[in-house]
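Under the UniProt record's numbering, think of the first position of the sequence shown as 1, with each following residue one higher. Ideal Cβ positions, reconstructed from N, Cα and C, are used throughout, including at glycine. Okay, structure first, notes after.
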Amino acid sequence: MKVHLLWHIAHHNEAGEDGATLHLDGDVPYLDEQDGDDAKLLGVYSTEALAGERIHRARLLPGFAEEPDCFHIGEYTLDRDEWTEGFVRLAAAGTEPPGTEPPGSGEAGPGSPG
């Protein structure tokens, strides 16, 4: 059985030319959560047509009306794994996980000069 997930991307990124907000990557909404974009799941529908009807209703609402072309419908098979591998965590720019600071960059501890 196929289901259709309807997403909306609220954009806050600076990935466009001269730091402008990038809304679309071709015909698909651009998404960079690390740069402030926010993905919202609006619903799960049995048909693409029902998801499309929801888009029309959502475009009348605050927020969605300001970005009317930033909806995405993804088709998925029910009861099937989509993410089949593990993942790694990436440190945010300018931050490092505890214990990975370069020598001499942290506070002085026991036995350290200073």
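Of the residues the options, which one's Cα is nearest the Cα of residue i?
i   : options            : result
R54 : P62, A39, F71, D38 : F71
L6  : D81, E75, E67      : E75
E66 : G52, I9, M1, G16   : I9
L78 : G36, K40, S46      : S46
V3  : G36, A91, F87, E82 : E82
A91 : Q34, P29, L22, E48 : Q34
Which first and last residues belong to the alpha helix (DSSP H) in which residue i is found?
i   : result
L6  : Counting along the chain, L6 falls outside any alpha helix (DSSP H), though it belongs to the beta strand (DSSP E) covering 2 to 10.
L50 : 48 to 58
Opposite residue i in the DSSP bridges: which residues?
i   : result
I73 : L6
G43 : L6
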